[in-house]
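K.L.:
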Amino acid sequence: NSQVTGILTEGDTLAGLTLADGQTVSCDRCIFAIGHSARDTFTMLYEMGVPMEAKPFAMGVRIEHPQSTIDRSQYGKVDPVLPPADYKLVRHLEDATVYTFCMCPGGYVVGAASEDGGVVVNGMSHRARDGRNANSAVVVSVRCEDYPQVDGNAALGAIAYQRMIERAAFAAGGGNYTAPIQTVGDFLRGQVRHEPSCVVPTYRDASAVKLADLSTVFPAYVTEHLRYGLTSFDRKVSGFAAEHAVLTGAETRTSAPVRILRGEDFCAIGHPLIYPCGEGAGYAGGITSAAVDGLRVAMAMIG
């Protein structure tokens, strides 16, 4: 429960960490398994001269359907004996990929902002997966050349690009952490006319969402690719692009937008005994791969 704000060294040797409350913690090595949203720590490491680079990530929306719609499409019927159905969809385009991510059967759209003035959404399911709605992210890949650098640095540019989208979602939602929503039918037609009817949004509660034009949240190419992806996925999962399905923005935290460079010893380049690890370090793309990277770092440290 402490924020690390600095690293103490003695010559080329790691001596400890400084904390936000002014205290210090002695250590002779440290694993930085910081998660993909630790922008304060990314900045601290960058200012220390720890080398990092931008990496591709993705952004988009959460889509919600009645779970019964997904069950009928995948099973051909709704049968209480069968588990809630899921899906995994992808469409490769010439300059991007549109895909679903983190599908949550019988799940909920949840808030995941980690900074003031931004709206970020994610998804989850309870163990029983018995919620009325199914949801997943529908995202568009973002390449390093899709956003401007900051101070000549692409890694800082990637963080700024994520932040820009999150602040746009905050503004579209009314500026009070209300999430912007839009029906799929309206989004595809470029209009804002219809309140949700068949699908009740699960983000926080009914008063925590606001009808908005999600095309104002994203760059034009993301909006265009999302529209193409929705109609394409409807040919694979019947009802995916149904008029009444609901989109909630913005999903920006699919993975870390930066990679902290490390050597064969798994230490940050130029900073021995500092071990960048997992998804936040840019070496994993989810829970399982982050766990595997943790094992690799631990074995390197033992070795």
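Numbering (our numbering), first residue to last: -8 to 294.
Idealized CB from N, CA, C, for every residue including glycine.
Predicted model, so just to flag it, every value in this text is computed and none were measured.
Just grab the DSSP bridge partners of residue 22 for me.
P.N.:
Locating residue 22 in the sequence shown gives position 31, where the first residue counts as 1. Residue 22 is bridged to 266.
K.L.:
From which residue to which residue does the beta strand (DSSP E) around residue 231 run?
P.N.:
Within the sequence shown, residue 231 is the residue found at index 240, counting from 1. Taken as a continuous stretch (DSSP letters only), residue 231 belongs to no beta strand (DSSP E), as it is neither H nor E.
K.L.:
Taking DSSP's pairing of strands, which residues face residue 124 in a bridge?
P.N.:
Indexing the sequence shown from 1 puts residue 124 at position 133. According to DSSP, which records beta bridges pairwise, residue 124 is partnered with 57.
K.L.:
Check residue 238 in the structure and name its three-state DSSP category.
P.N.:
Taking the first residue of the sequence shown as position 1, residue 238 is located at position 247. In this structure, residue 238 counts as strand in the three-state DSSP scheme.
K.L.:
Please look up how many angstroms separate the CB atoms of residue 128 and residue 242, rounded, as I've assumed it's under 8 Å.
P.N.:
On the sequence shown, residue 128 is found 137 positions in, with the first residue counted as 1. On the sequence shown, residue 242 is found 251 positions in, with the first residue counted as 1. Between residue 242 and residue 128 the Cβ distance is about 5 Å, and since that is below 8 Å, they are a contact.
K.L.:
Is it buried or exposed, residue 81, if we count other Cβ atoms within 10 angstroms and call 16 or more buried?
P.N.:
Counted from its first residue, the sequence shown places residue 81 at position 90. That one is exposed.
K.L.:
Grouping DSSP H, G and I as helix and E and B as strand, with all else coil, what is residue 153?
P.N.:
Along the sequence shown, one-based indexing puts residue 153 at 162. In this structure, residue 153 counts as helix in the three-state DSSP scheme.
K.L.:
Between the region 119 to 126 and the region 143 to 159, do three or more beta carbon pairs fall short of 8 Å?
P.N.:
Contact between the region 119 to 126 and the region 143 to 159 is absent, because fewer than three Cβ pairs lie under 8 Å.
K.L.:
Any Cβ of chain D within less than 8 Å of the Cβ of residue 28?
P.N.:
Looking for chain D here will not work: only one protein chain is present.
K.L.:
Tell me where the beta strand (DSSP E) around residue 45 begins and ends.
P.N.:
The residue labelled residue 45 in the question sits at position 54 within the sequence shown. Here the beta strand (DSSP E) through residue 45 covers 43 to 45.
K.L.:
Report the three-state DSSP secondary structure of residue 278 (helix, strand or coil).
P.N.:
The sequence position of residue 278 within the sequence shown is 287, counting from 1. Of the three classes helix, strand and coil, the one that applies to residue 278 here is helix, per DSSP.
K.L.:
What are the start and end residues of the beta strand (DSSP E) that includes residue 88?
P.N.:
Translated into the one-based positions of the sequence shown, residue 88 becomes position 97. 88 to 95 is the span of the beta strand (DSSP E), which, as asked, contains residue 88.
K.L.:
To which residues of the same chain is residue 26 closer than 6 Å at the C-beta, ignoring the five residues directly before and after it?
P.N.:
Residue mapping note: residue 26 aligns to position 35 of the sequence shown, counting from 1. The residues are 271.
K.L.:
Just checking my contact of residue 277 with residue 250 at CB under 8 Å: how many whole Å lie between their CB atoms?
P.N.:
Working through the sequence shown from its first residue, we reach residue 277 at position 286. Working through the sequence shown from its first residue, we reach residue 250 at position 259. In fact, because the Cβ distance is near 15 Å, the residues do not count as touching under 8 Å.
K.L.:
So, for residue 60: in the same chain, excluding its five sequence neighbours on each side, which residues have a beta-carbon less than 6 Å away from its beta-carbon?
P.N.:
Here residue 60 is taken as the residue at index 69 of the sequence shown, counted from 1. Cβ within range, chain order: 230.
K.L.:
According to DSSP, residue 9 sits in a beta bridge with which residue or residues?
P.N.:
To locate residue 9, count along the sequence shown from 1; it is residue 18. Answer is -3, 15.
K.L.:
Buried or exposed: which applies to residue 136, given that a residue is buried once 16 or more other Cβ atoms fall within 10 Å of its Cβ?
P.N.:
Your numbering for residue 136 matches position 145 in the sequence shown. So residue 136 ends up on the exposed side.
K.L.:
Among -1, 232, 5, -7, which residue has its Cα nearest to the Cα of residue 264?
P.N.:
Stepping through the sequence shown from its first residue, residue 264 is reached at position 273. Considering only alpha carbons, the answer is 5.
K.L.:
Can residue 47 and residue 132 be called in contact, C-beta distance under 8 Å?
P.N.:
Residue 47 sits at position 56 when you count from the first residue of the sequence shown. Residue 132 sits at position 141 when you count from the first residue of the sequence shown. In this structure, residue 132 lies closer than 8 Å to residue 47 by Cβ.
K.L.:
By DSSP, does residue 299 sit in helix, in strand, or in coil?
P.N.:
Nothing can be reported for residue 299: it is not among the residues displayed for the chain, which extend from -8 to 294.
K.L.:
Measuring alpha carbon to alpha carbon, tell me which residue in -7, 235, 21 is nearest residue 186.
P.N.:
The residue given as residue 186 occupies position 195 in the sequence shown. It is 235 whose Cα lies nearest to the Cα of residue 186.
K.L.:
Which residue or residues does DSSP assign as beta-bridge partners of residue 79?
P.N.:
As a position in the sequence shown, residue 79 is number 88, starting the count at 1. DSSP, once it has assigned bridges, lists no residue as partnering residue 79.
K.L.:
Taking the continuous beta strand (DSSP E) assigned at residue 202, which residues delimit it?
P.N.:
Within the sequence shown, numbered from 1, the residue matching residue 202 stands at position 211. Looking at the DSSP string, the run of the beta strand (DSSP E) that includes residue 202 is 200 to 202.
K.L.:
Write down the C-beta distance between residue 173 and residue 202 rounded to the nearest angstrom, noting that I regard them as a contact closer than 8 Å.
P.N.:
By one-based count along the sequence shown, residue 173 stands at place 182. By one-based count along the sequence shown, residue 202 stands at place 211. With 8 Å as the limit, residue 173 and residue 202 qualify as a contact, their Cβ atoms being about 7 Å apart.
K.L.:
Taking all protein chains shown into account, do 16 or more other C-beta atoms lie within 10 angstroms of the C-beta of residue 157, making it buried, or fewer, making it exposed?
P.N.:
If you number the sequence shown from 1, residue 157 lands on position 166. Burial call: buried.
K.L.:
On a CA-only basis, which of 184, 167, 72 is nearest residue 198? Give me that one, please.
P.N.:
Your numbering for residue 198 matches position 207 in the sequence shown. Nearest option by C-alpha distance: 167.
K.L.:
Tell me which residue opens and which closes the alpha helix (DSSP H) that residue 243 is part of.
P.N.:
Counting from one through the sequence shown, the residue named residue 243 turns up at place 252. Segment: none, residue 243 is in no alpha helix (DSSP H) and carries neither H nor E.
K.L.:
Who are the Cβ neighbours of residue 92 in its own chain at under 6 Å, not counting the five residues just before and after it?
P.N.:
In the sequence shown, the residue the question calls residue 92 occupies position 101. 128, 130, 245, listed in sequence order.
K.L.:
Using CA atoms only, rank isn't needed, just tell me which of 2, 8, 18 is closest to residue 35.
P.N.:
Mapped onto the sequence shown, residue 35 falls at position 44. Considering only alpha carbons, the answer is 8.
K.L.:
Would the beta-carbon of residue 75 fall within 8 Å of that of residue 97?
P.N.:
As a position in the sequence shown, residue 75 is number 84, starting the count at 1. As a position in the sequence shown, residue 97 is number 106, starting the count at 1. Their beta carbons are under 8 Å apart, which means residue 75 touches residue 97 by this criterion.
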